[in-house]
Ligand SMILES: [Mn+2]
């Protein structure tokens, strides 16, 4: 255990600039070029060429950043200052071609490799769900096969669509086939709608996933669901992928393939808050479409979801946790 902790640079602290003004980095955190090293980088991937229904997730990262201005430094449920435990920075958007899906996926994978080599964990803002595949390739290259905790209305273990093997409905099938996943430890949460045939559920199980349906939240206590998830994930590395359409359209209307009868933001957050202590090696929040959003509901849900994930990363055993997790914020904030 090291006793010397580097000084973290936290959220913007300018008494002359209210939080609703000025450039919207994620949570008003420093840009990655303004710091020496990021333990966690918030990276936007404005890519939606893999979408099957409504397009527009390419505009998700900017929308989520705008909605993240009200994020504060202290997490009152976990009693932790996430930006003091880890140096978190906004790495901006990754420039990827909108015209060549294979090239885009390759450049996402290469970028994710660079972050992994630098010892930076990615908190990615999508973008459509296709991006989970190249992100998982990089994570598995570093950590070996990982558990995926996948919040979504849909399985996303489908095969091809219009003959295309890589699209936003297939990332976890491809990841499973490529050996990126620990097949005994993957978990869907919030599944409903969008199944063509019962055989898809058999395929999904063979690909390594267990299902907790949206319906479960109506009939089971959340604490019981959390226990099941923790039992499934065990102690190894976990990648958390959150399709914002896991939420009911009442809570997240701005998304590509909305499905009714979904989770509330409170159910999602209570579930996430039950996951302290997992070894989280990467995460994404995807499928935010500002063009279909109202009153920034979806942007707010996504921004705060990303913050919940960053808070969980502060409680990851391998983080530079311990004393500093309970200490005050590294810098003044407002
Ligand atoms: Mn999805």
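Numbering (full-length UniProt numbering), first residue to last: 1 to 334. Yeah, the Cβ is synthetic: ideal placement off N, Cα and C, and Gly gets one too.
Contact check between the region 149-158 and the region 207-214: three or more CB pairs, one atom from each, fall below 8 Å, which counts as touching. The criterion of a C-beta distance shorter than 8 Å is satisfied by residue 284 and residue 131. Secondary structure in the region 190-277: the alpha helix (DSSP H) runs of 4 residues or longer, each lying completely within the stretch, are 199-206, 216-219, 222-233 and 265-273 in chain order. Below 8 Å, too few C-beta pairs join the region 237-248 and the region 195-202 to call them touching: fewer than three.
For residue 152, the CB falls within less than 7 Å of some heavy atom of ligand 1. Note: residue 121 is bridge-paired with 40 in the DSSP secondary-structure output. Rounded to whole angstroms, residue 99 and residue 60 show a C-alpha spacing of 18 Å. Residue 37 is classed as exposed because its beta carbon has fewer than 16 other beta carbons within 10 Å across all chains shown.
Burial state of residue 280 is buried, judged by a 10 Å Cβ sphere holding 16 or more other Cβ atoms. Look at residue 101 here: in three-state DSSP terms it is helix. The beta carbon of residue 267 sits closer than 8 Å to the beta carbons of 217 and 222 from its chain, once the five residues preceding and following it are set aside; these are given in chain order.
As DSSP reads the structure, residue 164 sits in a beta bridge with 161.
Between residue 252 and residue 80, the gap from beta carbon to beta carbon reaches 8 Å or more. Contact between residue 128 and residue 48 is confirmed by a C-beta separation of about 5 Å, below the 8 Å threshold. Residue 292 sits close to residue 54, with the two beta carbons spaced by under 8 Å.
Around the Cβ of residue 294, a 10 Å sphere holds fewer than 16 other Cβ atoms; the residue is exposed. 187 is the residue among 187, 108, 287 and 66 whose C-alpha sits nearest the C-alpha of residue 231. A Cβ-Cβ separation of about 6 Å places residue 89 in contact with residue 41 under the 8 Å criterion.
Taking a 10 Å sphere around the C-beta of residue 298, we find 16 or more other C-beta atoms and assign the residue as buried. DSSP, reduced to helix, strand and coil, places residue 141 within a helical segment of the structure shown. CA-CA distance, residue 50 to residue 171, rounds to 10 Å. Per the DSSP secondary-structure output, residue 147 pairs in a beta bridge with 238. Residue 164 and residue 56 have their C-alpha atoms spaced approximately 20 Å apart.
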